[in-house]
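Enquirer: This is the structure I have questions about; it appears just below.
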Amino acid sequence: HTALAERITENGAVLSEYGLDAEPKSHHFPERNRILSGLSLGTLVVESYSKGGALITARLAVEQNREVFAVPGGVTKDSSRGTNRLIQRGHAKLVMEVEDLLEELPDVTVTDPEEVDAETVSAGAGPDPEDLSGDEEVLYNALSDTPIHVDELCEETGLDPSSALPTLLELEFKGFVRQLAGKQFRRT
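This is the structure in structure tokens:
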């Protein structure tokens with residue numbers, strides 16, 4: 001984790017109540033989101049079921065005196081019930097477009113993509129696969145732009161899920177892979 005820690009030191013910070021070797025557990029996510037909502041000026045809920053995890057984060061943000069925003073969804077969509085309820089109960093401000101957020105959070109600045117020069121873009125072109133070692137390289141080489149389930153990935157690489165999942169998480173932190181729904185992974 002030394003290389004990752006060095007990259008974060010250069011570009012940001014890691015805040016966790018757990019060590020880097022801690023296994024991901026479902027009860028860790030609200031604890032992590034409490035930290036994120038506390039550090040944020042506001043929380044935007046785009047879509048949530050009536051008992052979705054995003055509602056936990058919204059509640060935590062309210063408890064921390066942070067702004068909560070929500071994008072309304074179709075009234076017949078189960079995946080919008082939680083979001084719509086936040087707005088209905090006055091727990092979140094309705095957001096229809098980006099300008100709604102910018103009006104509420106005047107200290108936030110947004111860079112126009114037209115103003116970003118080519119040098120800035122190429123400098124942030126992405127992580128270098130040559131920085132990978134061991135299992136990271138094995139997993140990265142087995143991935144492509146097409147999503148693959150972690151079980152299939154383990155079968156293909158011969159790695160055990162107990163070592164593959166933390167390694168995939170590390171690769172995600174480093175910007176090499178993206179986890180999709182249903183434990184599917186692909187290259188970024």
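Read in order, the letters of the sequence shown are residues 1 to 188 in our numbering.
No residue lacks a Cβ here, since even glycine has one placed at the ideal position from N, Cα and C.
Small disclaimer: the values here were computed from a predicted structure and weren't measured.
Near Thr120, which residues of its chain fall below 7 angstroms by C-beta distance, leaving aside the five closest residues on each side in sequence?
Expert: With a pLDDT of only 47 at Thr120, under the threshold of 50, the placement of this residue in the model should not be trusted, and no figure is reported.
Enquirer: For the beta strand (DSSP E) that Val68 lies in, which residues bound it at each end?
Expert: Glu67 to Ala70
Enquirer: Taking only three categories from DSSP, how would you classify His149?
Expert: strand
Enquirer: Just to confirm my understanding: we take Leu171, look at its own chain, exclude 5 residues before and 5 after, and list those with CB closer than 7 angstroms. What are they?
Expert: So the qualifying residues of the chain are Glu136, Leu139, Tyr140 and Val177.
Enquirer: Any idea what DSSP makes of Val98, helix, strand or coil?
Expert: helix
Enquirer: Under a three-way DSSP split, which group does Val62 fall into?
Expert: helix
Enquirer: Please go through the same chain and pick out, in chain order, the residues whose beta-carbon is closer than 8 angstroms to the beta-carbon of Glu6, but skip the five residues on each side of it.
Expert: none
Enquirer: Between the alpha carbons of Phe185 and Arg66, how many angstroms are there, rounded?
Expert: 33 angstroms
Enquirer: Tell me whether Thr57 sits in a helix, a strand or coil according to DSSP, three-state version.
Expert: helix
Enquirer: Hey, Ile55 and Leu86: beta-carbon distance below 9 angstroms or not?
Expert: Checking the sequence, you will find Leu at residue 55 rather than Ile. Yes, Cβ-Cβ distance for Leu55 and Leu86 is below 9 angstroms.
Enquirer: For Glu31, collect the residues of the same chain with a Cβ closer than 7 angstroms to its Cβ; drop the 5 residues on either side in sequence, then sort them by chain order.
Expert: Glu17
Enquirer: Hey, out of Asp78, Thr167, Glu23 and Gly175, whose CA is closest to Ser50's CA?
Expert: Asp78
Enquirer: For Arg85, which of helix, strand or coil comes out of DSSP?
Expert: Reduced to three states, the DSSP call for Arg85 is helix.
Enquirer: With His91 and Val62 assumed to form a contact (beta carbons below 8 angstroms), what rounded beta-carbon distance in angstroms separates them?
Expert: 6 angstroms
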